Amino acid sequence: MSVLEKTPPREKVPAAVREPRITDEHGRRVRVWELALRYVLLLAVLALTIGPFLWQLSTSLKGPTEDIYSSPPTFLPGDPTLHNYERVADTIPVWDYALNSLKVATANVVTNCVGAALAGYALARLRYRGRRVATLAFILAMLVPVEGIIIAQFTTMRELGLNNTLIGVVLPGCIGAMNVLLMRNAFLNLPYEIEEAAFVDGANVWQRFLRIALPSVKGTLAVVAIFAFMGAWDDFLWPLIVLSDPSRFTLTIGLNYLHGTFANDERLVAAGTIIAVAPLIALFACLQRYFFRGVGEGAVKG
Amino acid sequence: MALSGISRVRRQLPTSPWLFAAPGLLVTGAFVLYPFLSTLVNAFTDRRTLIPGQFVGLANFRELLQDDMFWTGLRNSTLYVLGVVPPLVVLPLLLALLVQKNIPGITFFRSAFYTPVVASIVVVGLIWVWLLDDRGLVNSLLETVGADRVGFLSDQWLLLLSAMAVTVWKGLGYYMIIYLAALGNVPRELHEAAAVDGAGAVRRFMTVTVPAVRSTMVLVGALSSVAAFKVFSEVYLLAGPSGGPAGEDTTLVMLVQRTGTGLTGRVGYASAIAVVVFVVTVVLMLLVLRADRKEES
Chain A
1 MSVLEKTPPR
11 EKVPAAVREP
21 RITDEHGRRV
31 RVWELALRYV
41 LLLAVLALTI
51 GPFLWQLSTS
61 LKGPTEDIYS
71 SPPTFLPGDP
81 TLHNYERVAD
91 TIPVWDYALN
101 SLKVATANVV
111 TNCVGAALAG
121 YALARLRYRG
131 RRVATLAFIL
141 AMLVPVEGII
151 IAQFTTMREL
161 GLNNTLIGVV
171 LPGCIGAMNV
181 LLMRNAFLNL
191 PYEIEEAAFV
201 DGANVWQRFL
211 RIALPSVKGT
221 LAVVAIFAFM
231 GAWDDFLWPL
241 IVLSDPSRFT
251 LTIGLNYLHG
261 TFANDERLVA
271 AGTIIAVAPL
281 IALFACLQRY
291 FFRGVGEGAV
301 KG
Chain B
1 MALSGISRVR
11 RQLPTSPWLF
21 AAPGLLVTGA
31 FVLYPFLSTL
41 VNAFTDRRTL
51 IPGQFVGLAN
61 FRELLQDDMF
71 WTGLRNSTLY
81 VLGVVPPLVV
91 LPLLLALLVQ
101 KNIPGITFFR
111 SAFYTPVVAS
121 IVVVGLIWVW
131 LLDDRGLVNS
141 LLETVGADRV
151 GFLSDQWLLL
161 LSAMAVTVWK
171 GLGYYMIIYL
181 AALGNVPREL
191 HEAAAVDGAG
201 AVRRFMTVTV
211 PAVRSTMVLV
221 GALSSVAAFK
231 VFSEVYLLAG
241 PSGGPAGEDT
251 TLVMLVQRTG
261 TGLTGRVGYA
271 SAIAVVVFVV
281 TVVLMLLVLR
291 ADRKEES
């Protein structure tokens with residue numbers, strides 16, 4: 001759509017990816033025994049990283065008559081049932097909690113994308129007195145550890161009368177300083193000439209931002225969106241502090257509550273955790289390319 | 001010259017740069033920078049949740065020195081750094097080497113290894129509580145091979161070790177990706193030259209790979225040590241809100257959360273603990289950076 005997208009992508013696809021034969025990162029053929037050893041190690045690590053999730057899934061599918069404590073353990077449920085998922089919903093309003101989490105995460109995505117794009121554009125592209133101070137404010141904010149200021153955030157929220165509300169859950173992280181700086185870097189990398197041309201054609205600053213600059217940084221915007229969603233969906237400490245009324249809980253706090261109240265039925269807790277993690281794993285599976293780009297960018301650009 | 005057009009816009013719409021930056025600045029100011037400053041101020045008051053509080057000088061800090069729970073928290077948070085950082089610097093590098101080659105199915109393995117990073121810490125915590133339970137999978141496997149059951153979640157030290165293992169397990173994939181990006185930048189000529197010289201895989205790893213990714217190792221060390229010192233969720237979920245047997249597994253951030261919240265929360269005292277957390281994390285960062293510079297010279 002935009003002029004910029006026609007420029008070649010910065011990341012080159014390594015030649016080895018396209019070749020049908022099995023090669024290493026330098027394009028050399030890999031020996032069979034080495035390949036076998038690699039797969040053995042890969043499968044071992046796979047068992048360690050994915051195994052716990054599968055065990056949880058298996059536990060959640062085991063019926064009330066099945067022994068979940070047997071030794072040796074039985075990995076496959078003898079008579080798989082969704083009964084536990086119904087029971088979780090009877091015990092805690094798990095779907096309401098999921099809806100609360102979804103609201104919080106969606107709001108976080110919208111505010112972060114809009115707020116960080118606007119502020120990032122102002123820092124990268126506009127000239128005005130105080131720009132350096134504004135940049136410095138975001139850099140300082142990025143360095144402040146959330147864990148240390150959480151009590152003061154809570155008292156601030158109380159003063160605003162927003163504690164124990166979902167708005168209170170969203171507000172402190174709704175425009176992350178890190179995201180502003182990521183967007184700033186993305187805008188800095190765009191050539192000025194294109195905006196110049198639009199300016200000559202009479203486009204004002206909002207038009208240039210919306211029509212020209214923003215479409216050219218869609219990749220970074222996607223990264224911000226994904227991490228905003230994940231961060232809000234997974235957050236634990238802040239909602240734990242700001243929410244006290246069980247009817248307003250998000251899924252993570254609800255799960256902790258479920259665990260505290262009904263610790264003696266592991267099947268229920270297992271079903272609850274699967275409800276919490278399944279959508280996220282599905283989202284991740286679809287968008288994993290952007291995830292890895294995001295982590296890489298964050299690490300390289302600091 | 002490229003800027004001339006932009007600077008003319010300022011005359012045209014003098015307020016719009018601030019309109020662009022305003023939402024971000026407002027949120028950052030109100031919910032990050034202001035709370036940071038008020039934490040610094042509160043640390044010198046006896047403020048409570050419902051009582052404004054008064055300036056008390058260094059009283060909070062003097063009380064900290066006499067507070068056994070504070071020393072327990074400081075000890076556990078420090079142990080956490082020592083226990084978690086070395087494996088998090090080394091293991092993800094080995095993992096990155098393992099998934100670096102473009103062999104069939106490698107994208108699947110990379111994604112699968114990253115899954116624990118994506119899952120929320122509560123899910124991860126509850127999964128591991130179930131795995132490490134007295135009657136859980138790990139113990140039932142131990143029993144199957146004829147070993148005794150181990151009380152991972154009831155012994156003070158085993159509990160802390162288990163929480164560390166969970167942190168390492170959850171962090172592996174994240175740092176693996178960071179290393180993977182760094183490994184992509186290692187010049188292949190170096191490896192080839194070393195191979196021509198007859199260096200084996202281990203030798204090449206020590207003389208080529210490690211020096212090439214050293215700055216990434218420092219970055220991972222810094223990130224993981226600061227995160228480890230501020231640990232909350234893993235220990236909270238494995239040990240419970242009170243911090244394990246007799247609170248012996250409490251960490252500093254758990255102490256901040258416990259003393260500062262609720263209707264009777266001692267905001268001033270909790271802020272003083274938070275200030276200690278700030279200071280230690282800044283010192284940790286400086287130490288890591290300094291070690292980096294020393295090795296370079």
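Same order as they appear, the protein sequences are chains A and B.
Using full-length UniProt numbering, read the first sequence as starting at 1 and increasing by one per residue.
Using full-length UniProt numbering, read the second sequence as starting at 1 and increasing by one per residue.
Glycine included, C-beta positions come from ideal geometry on N, C-alpha and C.
Predicted model, so just to flag it, every value in this text is computed and none were measured.
| the region 145-175 of chain A: which residues have C-beta closer than 9 Å to a C-beta of chain B, in chain order? | Those residues of the region 145-175 of chain A that come within reach of chain B (Cβ to Cβ, closer than 9 Å) are 145, 146, 147, 148, 149, 150, 151, 152, 153, 154, 155, 156, 157, 158, 160, 171, 172, 173, 174, 175.
| task | Pull up the distance between the alpha-carbon of residue 204 of chain A and that of residue 186 of chain A, whole angstroms please. | result | Taking the straight line from one Cα to the other gives about 21 Å.
| query | What residues of chain A sit near residue 143 of chain B, judged by a beta carbon separation below 7 Å? | reply | Per Cβ cutoff of 7 Å: 71.
| task | Pair every Cβ in the region 230-242 of chain B with every Cβ in the region 118-130 of chain B, then say whether three or more of these pairs are closer than 8 Å. | result | Yes, the region 230-242 of chain B touches the region 118-130 of chain B.
| query | Mind checking if residue 256 of chain A is an interface residue toward chain B, Cβ cutoff 8 Å exclusive? | reply | With 8 Å as the cut-off, residue 256 of chain A counts as an interface residue toward chain B.
| request: Identify which residue in A:273, A:287, A:35, A:250 has its Cα closest to the Cα of residue 101 of chain A. | output: Relative to the Cα of residue 101 of chain A, the nearest Cα in the group A:273, A:287, A:35, A:250 belongs to A:250.
| Residue span of the alpha helix (DSSP H) that contains residue 59 of chain A, given as start and end | From DSSP, the alpha helix (DSSP H) with residue 59 of chain A extends over 32-61.
| task | Below 8 Å between beta carbons is the criterion; list the residues of the region 50-68 of chain A that meet it against any residue of chain B, in chain order. | result | Result list: 50, 52, 53, 55, 56, 59.
| task | Could you please give me the residues that DSSP links to residue 55 of chain B through a beta bridge? | result | Bridge partners of residue 55 of chain B: B:45.
| task | Would you tell me roughly how many angstroms separate the C-alpha atoms of residue 215 of chain B and residue 172 of chain B, rounded to the nearest one? | result | Taking the CA atoms as reference points, residue 215 of chain B sits about 18 Å from residue 172 of chain B.
| message | Is it buried or exposed, residue 69 of chain A, if we count other Cβ atoms within 10 angstroms and call 16 or more buried? | response | So residue 69 of chain A ends up on the exposed side.
| query | Interface residues of chain B around residue 234 of chain A at Cβ under 9 Å? | reply | For residue 234 of chain A, the chain B residues whose C-beta falls within less than 9 Å of its own C-beta are 118, 119, 120, 121, 122, 123, listed in chain order.
| task | Using the Cα positions of residue 303 of chain A and residue 105 of chain B, report the straight-line distance between them to the nearest angstrom. | result | In the structure displayed, chain A extends from 1 to 302; residue 303 of chain A sits before or after that span and is not available.
| task | Go to residue 140 of chain B, then tell me how far its alpha helix (DSSP H) extends in each direction, as first and last residue. | result | That run of the alpha helix (DSSP H) goes 137-144.
| So, does the CB of residue 9 of chain B fall closer than 8 Å to a CB anywhere in chain A? | Note on residue 9 of chain B: pLDDT 47, under 50, position unreliable in the model; no value is reported.
| said: Any beta carbon from chain B within less than 8 Å of residue 78 of chain A's own beta carbon? | reply: Not closer than 8 Å to any Cβ of chain B, the Cβ of residue 78 of chain A fails to qualify, so no.
| said: Helix, strand or coil for residue 216 of chain A? Go by DSSP, reduced to three states. | reply: Of the three classes helix, strand and coil, the one that applies to residue 216 of chain A here is helix, per DSSP.
| query | Just reading off the alpha helix (DSSP H) that residue 174 of chain A is part of, what are its end residues? | reply | Neither: residue 174 of chain A is in no alpha helix (DSSP H) and is coded neither H nor E.
| query | Between residue 195 of chain B and the rest of its own chain, which residues show a CB-CB distance below 8 Å, the 5 nearest in sequence each way excluded? | reply | Cβ within range, chain order: 204.
| Simplified DSSP state of residue 110 of chain B, which is helix, strand or coil | For residue 110 of chain B, the secondary structure class from DSSP, reduced to helix, strand or coil, is helix.
| task | Please decide whether residue 128 of chain A counts as near chain B, where near means a Cβ-Cβ distance under 8 Å. | result | At least one chain B Cβ lies under 8 Å of residue 128 of chain A.
| message | Buried or exposed, going by whether 16 or more other CB atoms sit within 10 Å of the CB of residue 195 of chain A? | response | Looking at its Cβ environment, which holds 16 or more other Cβ atoms inside 10 Å, residue 195 of chain A is buried.
| query | What beta strand (DSSP E) runs, 3 residues minimum, are completely inside the region 142-199 of chain B? | reply | Listed in chain order, the beta strand (DSSP E) runs fully inside the region 142-199 of chain B amount to none, counting runs of at least 3 residues.
| message | Distance check for residue 81 of chain A and residue 94 of chain A, CA to CA, integer angstroms please. | response | Residue 94 of chain A and residue 81 of chain A: Cα-Cα distance of roughly 18 Å.
| In whole angstroms, what separates the C-alpha of residue 121 of chain A from that of residue 91 of chain B? | Spanning the two alpha carbons is a distance of roughly 39 Å.
| DSSP three-state assignment for residue 294 of chain B, whether helix, strand or coil | It is helical.
| task | Report the option in A:184, A:173, A:98 whose CA atom is closest to the CA atom of residue 136 of chain A. | result | Of A:184, A:173, A:98, the residue nearest in Cα terms is A:184.
| Going along the chain, which residues of its own chain have a beta-carbon closer than 7 Å to the beta-carbon of residue 214 of chain A, five neighbours each way excluded? | Hits under 7 Å: 117.
| said: On the DSSP letters alone, give me the boundaries of the alpha helix (DSSP H) that residue 97 of chain A sits inside. | reply: First-last of the alpha helix (DSSP H) with residue 97 of chain A: 94-125.
| task | Confirm, please, whether the CB-CB distance from residue 277 of chain B to residue 172 of chain A is below 8 Å. | result | Annotated as distal: residue 172 of chain A and residue 277 of chain B, with beta-carbon spacing of 8 Å or more.
| field | Range covered by the alpha helix (DSSP H) that runs through residue 216 of chain B | value | DSSP places residue 216 of chain B in the uninterrupted alpha helix (DSSP H) bounded by 214-229.
| request: Just mark residue 294 of chain B as buried or exposed, buried being the case when its beta carbon has 16 or more other beta carbons within 10 Å. | output: Looking at its Cβ environment, which holds fewer than 16 other Cβ atoms inside 10 Å, residue 294 of chain B is exposed.
| Secondary structure at residue 90 of chain A, three-state DSSP: helix, strand or coil? | In the three-state scheme derived from DSSP, where H, G and I count as helix and E and B as strand, residue 90 of chain A is classed as helix.
| task | With DSSP collapsed to three states, give me the class of residue 248 of chain B. | result | Three-state DSSP puts residue 248 of chain B in coil, outside helix and strand.
| query | How many angstroms separate the CA atom of residue 58 of chain B from the CA atom of residue 78 of chain B? | reply | The alpha-carbon atoms of residue 58 of chain B and residue 78 of chain B are separated by roughly 24 Å.
| Of all the CB atoms in chain B, is at least one closer than 8 Å to the CB of residue 92 of chain A? | No, its Cβ sits nowhere closer than 8 Å to a Cβ of chain B.
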